[in-house]
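Just so you know, we're using the working numbering here: the sequence shown kicks off at 216 and counts up by one. We put the beta carbon where it would ideally sit given N, CA and C, even for glycine. All figures in this text were calculated on a predicted structure; none of them were measured in a lab.
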Amino acid sequence: MTSQVTPQEQDYPLSPVPMAQRRSIWSMGLVLLGFTFFTATMWAGGSIGVAFDFSTMLLVLAAGNLLLGAYAAILGYIAAKSGLNTALMSRFTFGELGSKLSDFILGFTQIGWYAWGTATMAILLVKLTGLPESWTTPLMVVFGFGFCITAFIGYKGLEMLSRFAVPAMIILVAVSMTIATSDAGGFSGLLAITPSDEMTVAAAITMVFGTFVSGGTQATNWTRFAKSGKTAVIATLLAFFLGNGLMTLIGAFGALVYQQADIVDIMVAQGLATLGILMLFLNLWTTQDNTVYNFAVAGCNMIRTRRRKLVTVGGAAIGTVLAVLGMYEWLIPFLVLLGTFIPPIGGVIMASYFIGYKREYPSLETATLPAFNIPGLAAYAIGSAAAYTSPWIAPIVGVLVAAASYGVVLVVSEAVRDRRAQVLGAV
């Protein structure tokens, strides 16, 4: 006798989240903050920190993170109103089979980062504690499957971890940054530091926006649990502007004061090695579980299964294998490149929801959708090409061009239909 897999038990991977299962702004905010506390984001901040004076750097970080927060918040609003995640929205945008393209791009990006995080945790732990090198691979296996436990549980697991980890990380960061400010000679010392590298403002904003835009595109996996569109917008804006902003600021601080962008290296330089290891563990776990959860949701839509927990374990296994084989090293440039091709997905979804469906998707169970929505796929291709070739802020260009391209098609198509109806009515 086989057990039934209920949508609630699996976190509704193929259906809207019912209102009875929606969460508070506090719950979502913690989960999203934990997600945005990401080590790679600090490295982006470090590159920016040495390229601008302190006041200009703050303006660049604020602009980049505000744009990222706005992008994620708009998608969050759509998720809250519809109860759907990005993978399910893509069915309306790209078609039943066409949506599998976005599933692959989003899913592969997330599992690639999962491999990187698993390898980073094992390698740095061996380095910081002086453990034998032979421990590295077994630790990758342990962390590869260990990090997915809270994702396996589902939203409740992610929330439970975030309730503890987010406040703890904020306290650790506050202590470390206070010491860093003192070591720099106070704010006057920070203001006196001159840039040692060069970077354009556009390139810096692109770096801030692009580093975590793949996460922003899939933040709908949690904002679909919001009780209202307003709640989703506020929670997403705060999490991405403050959380991602804090990570980039830490990296910039560290690069300026210690020539180190990562919070763990900063803490080691400050003589706080034990706290640094704790920070590394919490920082990676709160991102890793969200990352493999994202993979599972995209995977469920790709293969049309409700067994999210099984797909979660499968994703962790793939990420662990990639980590053990050392593939995470060459995955990074490819993952960053994919960051250029992910934002247009969000742009087309926005145009589809606000213009095509007039802010109300039909029921997934009863809607008749084409296998491939050619206009939507074409708009995505146009937006991706524009982003790839743009000398300006590539991810933002991709979003705007994709949304505008599809929006024009929808408006023209509607005008043609209305005109045809008028002609037929006159006859």
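Candidates the options, of which the one nearest residue i by Cα
i           : options            : result
residue 411 : 250, 264, 613      : 264
residue 590 : 270, 454, 621      : 621
residue 266 : 228, 474, 632      : 474
residue 675 : 443, 365, 408      : In this structure the chain extends from 216 to 642, so residue 675 is not present and cannot be described.
residue 646 : 262, 501, 301      : Not covered by the structure: residue 646. The range shown for the chain is 216 to 642.
residue 284 : 407, 385, 435      : 435
residue 363 : 337, 515, 503, 585 : 503
residue 542 : 602, 326, 386      : 326
residue 236 : 629, 348, 440      : 440
residue 241 : 480, 377, 261, 400 : 377
residue 268 : 594, 297, 608, 467 : 467
residue 422 : 607, 336, 573      : 607
residue 572 : 374, 305, 279      : 305
residue 586 : 313, 254, 243, 280 : 313
residue 545 : 334, 225, 297, 374 : 334
residue 500 : 226, 253, 225, 386 : 253
residue 561 : 584, 525, 599, 529 : 599
residue 556 : 344, 452, 604      : 604
residue 356 : 375, 374, 344, 332 : 332
Residue i, buried or exposed, once every other Cβ within 10 Å from all chains shown has been counted against 16
i           : result
residue 430 : buried
residue 398 : exposed
residue 633 : exposed
residue 342 : exposed
residue 239 : exposed
residue 315 : buried
residue 346 : exposed
residue 348 : exposed
residue 614 : buried
residue 577 : exposed
residue 445 : exposed
residue 261 : buried
residue 667 : No answer is possible for residue 667: the residues shown for the chain start at 216 and end at 642.
residue 610 : buried
residue 631 : exposed
residue 485 : buried
residue 629 : exposed
residue 324 : buried
residue 594 : buried
residue 469 : buried
residue 297 : buried
residue 581 : exposed
residue 251 : buried
residue 400 : exposed
C-beta atoms of residue i and residue j nearer than 8 Å
i           : j           : result
residue 564 : residue 290 : yes
residue 465 : residue 392 : yes
residue 539 : residue 352 : yes
residue 612 : residue 419 : no
residue 380 : residue 249 : yes
residue 471 : residue 552 : no
residue 677 : residue 231 : Because residue 677 is not part of the residues shown, which for the chain are 216 to 642, the question remains open.
residue 627 : residue 597 : no
residue 579 : residue 303 : yes
residue 566 : residue 601 : no
residue 506 : residue 328 : yes
residue 282 : residue 427 : no
residue 372 : residue 365 : yes
residue 515 : residue 228 : yes
residue 438 : residue 295 : yes
residue 646 : residue 450 : Residue 646 lies beyond the stretch modelled for the chain, which goes from 216 to 642, so this question has no answer here.
residue 384 : residue 498 : yes
residue 226 : residue 574 : no
residue 417 : residue 247 : no
residue 568 : residue 293 : yes
residue 700 : residue 339 : Residue numbering for the chain in the displayed model covers 216 to 642; residue 700 lies beyond these limits and cannot be assessed.
residue 482 : residue 488 : yes
residue 527 : residue 367 : yes
Cβ-heavy atom distance, residue i to the ligand MN, below 7 Å
i           : result
residue 494 : Inclusion of the ligand MN in the displayed structure is not the case, the ligand content being empty and no account of it being possible.
Contained alpha helix (DSSP H) runs [length at least 4] in the segment 249 to 287, N- to C-terminal order
254 to 264
Enumerate, from N- to C-terminal direction, the unbroken alpha helix (DSSP H) stretches of 4 or more residues contained entirely within the segment 515 to 567.
523 to 539, 543 to 556, 558 to 566
Would you check if the segment 313 to 320 and the segment 453 to 464 touch, i.e. whether three or more CB-CB distances between them fall below 8 Å?
no
Between the segment 527 to 534 and the segment 284 to 301, can you find at least three pairs of beta-carbon atoms closer than 8 Å?
no
Taking three-plus beta-carbon pairs below 8 Å as touching, is the segment 487 to 502 in contact with the segment 302 to 314?
no
Could you give the uninterrupted runs of the beta strand (DSSP E) lying entirely in the segment 417 to 488, keeping only those of 3 residues or more?
none
If you scan the segment 352 to 428 from start to end, which runs of the beta strand (DSSP E) of 3 or more residues do you find wholly inside it?
none
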